[in-house]
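Okay, so the sequence shown: first residue is 1 according to full-length UniProt numbering, each after it adds one.
A quick write-up on the structure given underneath.
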Amino acid sequence: MDGTNLTTARLDIRDLHREFGGRPVVRGVSLSLQAGQVTGLLGPSGCGKSTTLRIIAGVDQQTSGEVWIDGQQVAGPGVFVPPERRQIGLMFQDFALFPHLSVADNVAFGLKGSRTEKRIRVHELLEKVGLARFIDSFPHELSGGEQQRVALARALAPRPSIMLMDEPFSGLDNRLRDGIRDETLGILKDEGAAVLLVTHEPEEAMRMADEIALMRDGRIVQSGAPYNIYNAPVDLKAAAFFSDVN
Ligand code: ADP
Ligand code: MG
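This is how it looks when you write it as structure tokens:
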């Protein structure tokens, strides 16, 4: 391999495996993400979703397999590009903002460039998430949903090529969740990142993803458009897993 690759995918995972103490947890996952697309990595708790995401982010390492971002290998035999050089935005359930920094400084945190450039980008993102009026506020002055939107702005600020989201909405009130999902989706589409959305909730994947990869016991057992998977689940287990969507 010469370090380049002919596909146009933003993210390519090839035959990824991860074992913990000899126990296989990720067992041959392959996946491609395109710009502007949301891919839902959907499956029950414990099936290996977060482990996959952590390897893509570079905070864990595979037992075997490869990860490519924008045509560059970032993980593989003898290859390890550190997380901060992977052009990735991250959002987790406990998306903790820096409590001692203002909203503006939280969003600017990972940004490089001149003060003016940073200020323009921070304004642009806070406008997008509808929180421009909170620019000088501190996290504790914001509601959970508002903090969530600041976390989204912070993750998107450096224009990541890939956005990795691990159950980003599960800490939120049911009442807020649908609205924030829709709003988040609009912003993600507008920014054009390739998104990997990890979730154990079929409804969330159905609502947000262009493509769903259904994971079970460390493997992707089915992938395709949400309604195709919903209407034609690969087996009884998949059907049962989807049966609580309404
Ligand atoms: P999911 O995100 O789908 O719920 P995870 O990827 O978090 O699943 O975990 C998959 C399995 O791997 C679980 O059984 C979990 O206990 C195990 N696991 C995850 N991380 C570690 C670790 N650092 N050491 C040992 N086992 C782990
Ligand atoms: Mg998880």
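Every residue gets a Cβ at the ideal spot worked out from N, C-alpha and C, and that includes glycine.
Reduced DSSP secondary structure (H/G/I, E/B, other) of residue i
{"i": "A132", "result": "helix"}
{"i": "E167", "result": "coil"}
{"i": "L101", "result": "coil"}
{"i": "D2", "result": "Confidence at D2 is low in this model, with a pLDDT of 48, below 50, so the placement of that residue should be treated as unreliable; the coordinate-derived value is given next. Coil."}
{"i": "R159", "result": "coil"}
{"i": "Q34", "result": "coil"}
{"i": "V148", "result": "Strictly speaking, residue 148 in this sequence is Gln, with Val absent from that position. Reduced to three states, the DSSP call for Q148 is helix."}
{"i": "N246", "result": "Here the model assigns N246 a pLDDT of 49, short of 50, so the residue's position is not dependable, and the following value carries that caveat. Here N246 sits in coil by DSSP."}
{"i": "T8", "result": "coil"}
Element boundaries [beta strand (DSSP E), containing residue i]
{"i": "R18", "result": "L11 to F20"}
{"i": "T199", "result": "A194 to T199"}
{"i": "V67", "result": "S64 to I69"}
{"i": "R181", "result": "Careful: R181 lies outside any beta strand (DSSP E), inside the alpha helix (DSSP H) at N174 to E191."}
8 Å Cβ cutoff met for residue i and residue j
{"i": "M208", "j": "A155", "result": "no"}
{"i": "L152", "j": "V129", "result": "yes"}
{"i": "E204", "j": "F169", "result": "yes"}
{"i": "C47", "j": "D217", "result": "yes"}
{"i": "L41", "j": "R10", "result": "no"}
{"i": "G171", "j": "Q93", "result": "yes"}
{"i": "V195", "j": "L188", "result": "yes"}
{"i": "G192", "j": "A35", "result": "yes"}
{"i": "Q222", "j": "A238", "result": "yes"}
{"i": "G65", "j": "R14", "result": "yes"}
{"i": "I220", "j": "L31", "result": "yes"}
{"i": "L16", "j": "V25", "result": "no"}
Residue(s) in a DSSP beta bridge with residue i
{"i": "P24", "result": "E19"}
{"i": "A153", "result": "Looking at the DSSP assignment, A153 forms no beta bridge with any residue, so it has no partner."}
{"i": "T39", "result": "L196 and E211"}
{"i": "F80", "result": "A75"}
{"i": "Q61", "result": "Per DSSP, none; premise fails for Q61."}
Opening and closing residue of the alpha helix (DSSP H) in which residue i lies
{"i": "L90", "result": "From DSSP, L90 is part of no alpha helix (DSSP H) but of the beta strand (DSSP E) over I88 to F92."}
{"i": "R54", "result": "K49 to A57"}
{"i": "K112", "result": "Looking at the DSSP string, K112 is not in any alpha helix (DSSP H), and its letter there is neither H nor E."}
{"i": "P226", "result": "P226 to N231"}
{"i": "F242", "result": "L236 to F242"}
Original post:
Does the stretch 110–122 come close enough to the stretch 136–148 that 3 or more CB-CB pairs lie under 8 Å?
Top reply: no
Subject >> Neighbourhood of the ligand SAM [Cβ distance below 5 Å to any heavy atom], ordered by chain position >> reply: Looking at this structure, you won't find the ligand SAM anywhere; what it does contain is the ligand ADP and the ligand MG.
Original post:
Can you find at least 3 beta carbon pairs, one from the stretch 229–236 and one from the stretch 69–84, that sit closer than 8 Å?
Top reply: no
**OP:** Check whether the stretch 45–63 touches the stretch 80–89, counting contact only when three or more Cβ pairs, one atom from each stretch, lie closer than 8 Å.
**Re:** yes
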